[in-house]
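Novice: This structure is in structure tokens; I'll ask about it shortly.
There are 4 protein chains.
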Amino acid sequence: MSILSEAVQAELAKQAIELPSWAFGNSGTRFKVFATPGTPRDPYEKIADAAQVHRYTALAPTVALHIPWDRVDDYDALKRHAEGLGVELGTINSNTFQDDDYKFGALTHEDAAVRRKAIDHHFECIDIMHATGSRDLKIWLAEGSNYPGQADLRGRQDRLHESLQEIYARLGDDQRLVLEYKFFEPAFYHTDVPDWGTSYAQVAALGEKAMVCLDTGHHAPGTNIEFIVMQLLRLGKLGSFDFNSRFYADDDLIVGAADPFQLFRIVFEVLRGGGLNNPDVAFMLDQCHNVEDKIPGQIRSVLNVQEMTARALLVDREALAAAQRSGDVLEANRIFMDAFYTDVRPALAEWRESRGLPADPMAAFAESGYLAQIAADRVGGVQAGWGA
Amino acid sequence: MSILSEAVQAELAKQAIELPSWAFGNSGTRFKVFATPGTPRDPYEKIADAAQVHRYTALAPTVALHIPWDRVDDYDALKRHAEGLGVELGTINSNTFQDDDYKFGALTHEDAAVRRKAIDHHFECIDIMHATGSRDLKIWLAEGSNYPGQADLRGRQDRLHESLQEIYARLGDDQRLVLEYKFFEPAFYHTDVPDWGTSYAQVAALGEKAMVCLDTGHHAPGTNIEFIVMQLLRLGKLGSFDFNSRFYADDDLIVGAADPFQLFRIVFEVLRGGGLNNPDVAFMLDQCHNVEDKIPGQIRSVLNVQEMTARALLVDREALAAAQRSGDVLEANRIFMDAFYTDVRPALAEWRESRGLPADPMAAFAESGYLAQIAADRVGGVQAGWGA
Amino acid sequence: MSILSEAVQAELAKQAIELPSWAFGNSGTRFKVFATPGTPRDPYEKIADAAQVHRYTALAPTVALHIPWDRVDDYDALKRHAEGLGVELGTINSNTFQDDDYKFGALTHEDAAVRRKAIDHHFECIDIMHATGSRDLKIWLAEGSNYPGQADLRGRQDRLHESLQEIYARLGDDQRLVLEYKFFEPAFYHTDVPDWGTSYAQVAALGEKAMVCLDTGHHAPGTNIEFIVMQLLRLGKLGSFDFNSRFYADDDLIVGAADPFQLFRIVFEVLRGGGLNNPDVAFMLDQCHNVEDKIPGQIRSVLNVQEMTARALLVDREALAAAQRSGDVLEANRIFMDAFYTDVRPALAEWRESRGLPADPMAAFAESGYLAQIAADRVGGVQAGWGA
Amino acid sequence: MSILSEAVQAELAKQAIELPSWAFGNSGTRFKVFATPGTPRDPYEKIADAAQVHRYTALAPTVALHIPWDRVDDYDALKRHAEGLGVELGTINSNTFQDDDYKFGALTHEDAAVRRKAIDHHFECIDIMHATGSRDLKIWLAEGSNYPGQADLRGRQDRLHESLQEIYARLGDDQRLVLEYKFFEPAFYHTDVPDWGTSYAQVAALGEKAMVCLDTGHHAPGTNIEFIVMQLLRLGKLGSFDFNSRFYADDDLIVGAADPFQLFRIVFEVLRGGGLNNPDVAFMLDQCHNVEDKIPGQIRSVLNVQEMTARALLVDREALAAAQRSGDVLEANRIFMDAFYTDVRPALAEWRESRGLPADPMAAFAESGYLAQIAADRVGGVQAGWGA
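Line by line, the protein sequences give chains A, B, C and D. The opening position of the first sequence corresponds to residue 173 in this note's numbering, with each subsequent residue numbered one higher. The opening position of the second sequence corresponds to residue 173 in this note's numbering, with each subsequent residue numbered one higher. The opening position of the third sequence corresponds to residue 173 in this note's numbering, with each subsequent residue numbered one higher. The opening position of the fourth sequence corresponds to residue 173 in this note's numbering, with each subsequent residue numbered one higher.
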């Protein structure tokens, strides 16, 4: 009998993790972007790669787009292309950080004309959402300043509110605005949405359809992220996750790679707060594959989330609550760690096979020859990258 | 003519910084508390020492008390004692971290009886506030856990809300509850009020008389504190400051000692947001004098705040706004730095003399012989310390 | 057949982790030290408690002493007491942070008389080492300053060298001096031995019998500790470990509690560099049990080290080296993680039983009734604490 | 009479700060590089821009080159070009991070052929040094890994030693090798030279002509950089500085912009240790001007260093030493801060004029019309950037 009870299996069967189209393009640091053979050259090829992840894992049924990187003439065609490959189009991400006009801000800019342009860009994104059937408009703002005195922090915050209000008003009834926060980078003195508190205050001022996006790499050193998960769920404002991992700053490594135990704690708190497989709380990846292969990097990532979810589901919550109530620190910790240290991989492999999936998706993909195929096929053209 | 205009002088004349009674007792680290001759042995002596700071600076007209450390039989007598020395009693600080019952929490404890005790302690504090005429009840909670799994983060947050609601309901019409947040310590895994967002969410749920207290040493490494100042002022929820400084964690050093430029930026943002000499935004010190003399340590601290306030008032805000509008990064930064680099000390010395104060309060206090006097007088008895 | 090969079992059988006598006394933060029933009142009782850890795990055959906390009249009697309980006396730790004379330094003090006193204290420690048969003199220095300008950084470093030279010269042929470094605390501006580089430079200047002690909690946020392990082993200067864990600063939590994967990486690097079960590289614990029971806290700790050692020994190093050579990032990481995710606990339980030990040492100790016994027996007297 | 004594003026007159050629090209983050009119298109134009900084400040007599970015056919011509503009060529910087072959390392690579290529690149740099008359070969290595297990930390360190030995052996008698360390980025798990200890251990193993380069932005959060300055000067191994500033990671902001007091402490420690205007300790800038104008950004930077040097020279070191000896914490800190808070800018303006320089170099450059001139002249061609 599996260590994964039927109830656990039922939860696992519901899990869905959205992939970012840009994870399949080249990415790197300010020092160098390394190219790899077979890198997609357009949104169609990115979606084809994303579909491979879903094919071997059944975990990644949707793909998020980034505008303008994934702008196409015919979104309906793109949608059909995705569906033909077994996936759907998901969240639409806006981009206000790669236009020269946005050097000193977009939604917060001193100049109303620049703000207009940035707001209109979000209107375009909402139009695309209608075409693609996407629910969420995700906004990450690169805005901020590099030097004390450079910017009027307060004025920018007020303008941010006004700009968001205009965008929010344009949302359809079933659409949401999800506002991401980030500690720093690319701005190095102040960032206009640097922490969950700011994101929360801004979306609370907008209304029910505005939520916070928590990117696991966007916090100050030492931040207890699962506490924020708990708090945002408690406040009813956790809209989505951008999963990745980091040792230092926003390293954008494979989720679970840097601190598996932190991922376990985060997923447990999602579960504890009713956020697991709750459509209001979207799970997404947001990573860079700078030195590793991209498609297997994404497969590894969704499997890491799945494995940690299985471990979190194994926590004996009744026993844990009893130990917590009695102040038995070591016993409560033991119960918690017991689930973390349980090796769920063999049971998950079996379970996958029982559902007609490969026991080892990484190996199955490697054996498929897909990487060699695209390396051969995708010669010529311009490789997509972060920013193209 | 002074570099301090009449308008600047008028602002400076209004400045008031509350002193913490516990700054005059011994303090230290978990490794050692060093004793010093002349350390106060009771609240009366602490207030006498605090009055010295005000005498030489005219900057510190009130003294905050800490209950139970400053519990006395007759608060009216203590009040008259203070007034006789030229100062008044200020904020009342509760303490739920030095009783064995609070090992696993106070306002958040799993056990209703412990929560009751902790809430009742706050009722006592409110009673004392009525006796002393204090406006603010300041709550810093040491609550949290050391090990993952030890505590139910969500349950504790909900219980915190309920406990605070009871305390809030007991406040008089002109009284306020001010909730402090802290990144970590004494809890080493999770803290129940770890960041401004949590404090804000909790006080917003209480009502208008509940505000956030910002302690400048209670943030994650790299946090942009002036941004939080801006945001809390914008949200109308910045109730008070605990000033101190730090290089690493909650070092509780003399304000301005570790990063004077940060103090400048904070005070500027207070000014920008309308919080300077605004009765709704209380300025307080919260420091430990582990290796330096305590009374001169406090004098140095209030002078540091005064000097930075003078510099912040010197910023040419019109020119700054123009440079910001035009995207002239270097010019905006120059205008900002120009005020910071201006040496306001000679002008402040002159201005002090014009008001009948010593030009150099540190020297005047040193010459007064007060330290030698209390060293001689205060022999025997038990020295007050952090925790007594 | 066990997943632990005979070679792995042979390594595990050799493992020895020294316990600190002070872990059995009360400890806490600057805010509060909570007392617990049954806390030892003298070195004899501390050793009795330490012997319990060894009894149930066979992992902790020695106990480190701290002078003056563990000063006794007759070290030979203490030695026999330990041996009677199945353990031996280990490292001697000096203490230069709890005497008023050391407020501004000990081995680095400006005043030669204070340095003399501190050096003489180390001579006393060496004398005790001769009495106890201890090999290592471990020096952790709390020295530093709180304010820029307070201290002459360079002069102190030079005096540190001179003081250490005198102490080093006094060592017996088979004795070693082990110098610990620490990022900060109790000093909050500068610490005289803040990093491995300083400790290394200082011990390298002394000679072959001087080594570095690496405390896993004594680094800046984000520091890659296993890299330092690698480097010190490479330089032949890793003398010992102080194991514990932390989320923030020097939290001194149970080893492996905060970041199990980091512990795995550290132990793997020890193994990779030839430091495992190498007498030159001593494994010790240095933790505080502030809220959890102390004896089971130590049992949990040595088991955590053992479990991680087993996992590190499971890494397929040949396959790993091949993947590294071929630049296969994901495969190398997979091989590494595979060992980490393997649940070694059932195999270790079996192996323990095969050696006449309890399968579950935590449960066996709990059932022994020892805690109730000492709570009943050790009434009256003064409980030992950090600093007594 | 100036507050700057003749002795201070004599020191200031000797100050020289090397400029990096790459500071005049475009730079940015991984998200976006903003272009600016007039950006140099080749090494000749970069040097012309650097000469402007020297012209208005007399502080920047040399320009560092980066190979291959500044590769030219005729280094003698470049040298004469520089001399014609009043400056000289300085340090040669190697680059092993922008070639696809170096994806998994250069001097540390598993493959001997890649190491050969990287070593040969350094031989080329040494050849260029002979042509340009440069003394220093500065090596910053981007090498490391992103995932635990990806790399053999120890093997890489050993190979690093071997590679450096080959390069070192090739140095001319009057040439030096300067090895920079960096906490993280572009590698996100381990970096092969992450800290001063590693750089020190590596250069100490090479010989007298190998030194450490300290980049002020390359440390873990909270690191006391002036302590490292002190230690490296004490060990005789501080070869050069890369000055810049940061709030978070390696932000590469204008030196002194983020924490002016830290810059003051660093310069003071240089002075205290005999490193000021000592030819063995080279002062250089290494910054990115992402949002501000580049030439005035460099002028601002060298002026910041000059102003802090003046302040550091104003410290009353005799009085400071006396206060330190007597344990008078507040007085020692006061003496130290007094120099920091002194406004040296008017005296420096006067002194500049007395030497035939503009009182306000920033204003003088702005009035010169140079920026408009190059914007008009440098149309067409490819703008130089970080990486070109």
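Backbone N, C-alpha and C fix where the C-beta goes; we use that ideal spot for every residue, glycine too.
#1: Compute the Euclidean distance between the alpha carbons of P212(D) and D273(A), then round it to the nearest angstrom.
#2: Which runs of the alpha helix (DSSP H) at least 4 residues long sit entirely within the segment 221-262 of chain A? Give them in chain order.
#3: Output yes if chain A places a C-beta closer than 8 angstroms to the C-beta of L492(C); else output no.
#4: To which residues does DSSP link E352(C) through a beta bridge?
#5: Less than 8 angstroms separating the beta-carbons of G120(C) and R326(D)?
#6: Mind checking G360(B): buried by the 16 CB within 10 Å criterion, or exposed?
#7: I'd like to know if K122(D) contacts chain A, where contact means its C-beta is closer than 8 angstroms to some C-beta of that chain.
#8: Can the beta-carbon of D364(D) be found closer than 8 angstroms to that of E315(D)?
#9: Would you mind stating whether I562(D) and M456(D) have Cβ atoms separated by less than 8 angstroms?
#10: Are at least three pairs of beta-carbons, each pair with one atom in the segment 209-223 of chain B and one in the segment 517-534 of chain B, less than 8 angstroms apart?
#11: Check for me: the alpha helix (DSSP H) holding G411(B) runs from which residue to which?
#12: In whole angstroms, what separates the C-alpha of K381(D) from that of A556(D)?
#13: Keeping to the same chain, check which residues put their C-beta closer than 8 angstroms to that of D465(A); ignore five residues upstream and five downstream.
#14: Just the chain D side, please: which residues come within less than 7 angstroms of G200(A) by C-beta, in chain order?
#15: Considering only residues of the same chain and omitting the five flanking positions on each side of A560(C), which have a CB-CB separation below 6 angstroms?
#16: For the segment 242-266 of chain C, which residues have a beta carbon sitting closer than 8 angstroms to at least one beta carbon of chain B?
#17: If distances are taken between C-alpha atoms only, which option among A504(C), A484(C), L485(C) and L486(C) comes closest to A493(C)?
#18: Considering only the beta carbon of each residue, do L349(C) and I339(C) sit closer than 8 angstroms?
#19: Can you name, in chain order, every residue of its own chain whose Cβ lies under 7 angstroms from the Cβ of C385(C), other than the five neighbours on each side?
#20: Along the chain, where does the beta strand (DSSP E) that runs through L309(A) open and close?
#21: When you check each C-beta in the segment 461-481 of chain C against every C-beta of chain B, which residues fall closer than 9 angstroms?
#22: Count the other CB atoms, across all protein chains shown, that sit within 10 Å of the CB of A495(C); report buried if there are 16 or more and exposed otherwise.
#23: Reducing DSSP to helix, strand and coil, say where A547(A) ends up.
#24: Would a check of beta-carbon distances place E190(A) closer than 8 angstroms to chain C?
#25: Compute every distance between the C-beta of A314(C) and the non-hydrogen atoms of the ligand FAD, then say whether any falls below 7 angstroms.
#26: Where do the N-terminal and C-terminal ends of the alpha helix (DSSP H) with M534(D) fall, by residue?
#27: Note down the Cα distance separating Y228(B) from P530(B), rounded to an integer number of angstroms.
#28: Please go through the same chain and pick out, in chain order, the residues whose beta-carbon is closer than 8 angstroms to the beta-carbon of I239(A), but skip the five residues on each side of it.
#29: Pick helix, strand or coil for P215(B), following the three-state DSSP scheme.
#30: Note down the Cα distance separating S306(D) from L343(D), rounded to an integer number of angstroms.
#31: Report buried or exposed for Q187(A), applying the criterion of at least 16 other Cβ atoms within 10 angstroms of its Cβ.
#32: Can you tell me where the beta strand (DSSP E) with M456(A) in it begins and where it stops?
#33: Buried or exposed, going by whether 16 or more other CB atoms sit within 10 Å of the CB of Q545(C)?
#34: Excluding sequence positions up to five away, which residues of its chain have a Cβ less than 7 angstroms from the Cβ of A220(B)?
#35: So, do the segment 239-250 of chain D and the segment 532-543 of chain D have three or more beta carbon pairs nearer to each other than 8 angstroms?
Specialist: The structure says:
#1: 22 angstroms
#2: 247-256
#3: no
#4: C385(C)
#5: Residue 120(C) falls outside the range modelled here, since chain C spans only 173 to 560, and no answer is possible.
#6: Reading the sequence as shown, one finds Phe at residue 360(B) and not Gly. That one is buried.
#7: With chain D running from 173 to 560 in the structure shown, residue 122(D) is simply not present.
#8: yes
#9: Not covered by the structure: residue 562(D). The range shown for chain D is 173 to 560.
#10: no
#11: Taken as a continuous stretch (DSSP letters only), G411(B) belongs to no alpha helix (DSSP H), being part of the beta strand (DSSP E) at L410 to F415.
#12: 32 angstroms
#13: T208 and L543
#14: R202
#15: Low per-residue confidence applies at A560(C): pLDDT is 49, beneath 50, and the placement is therefore not dependable, though the value from the model is reported in the following sentence. No residues qualify anywhere along the chain.
#16: none
#17: A504(C)
#18: yes
#19: K310, V350, L351, E352, G411, S412 and D414
#20: D308 to I311
#21: N462, V463 and E464
#22: buried
#23: helix
#24: no
#25: For the ligand FAD, the structure offers nothing, since it holds no ligand at all.
#26: P533 to S540
#27: 7 angstroms
#28: I264, N265, S266, N267, H293, E296, C297 and I300
#29: helix
#30: 11 angstroms
#31: buried
#32: A454 to L457
#33: exposed
#34: L257
#35: no
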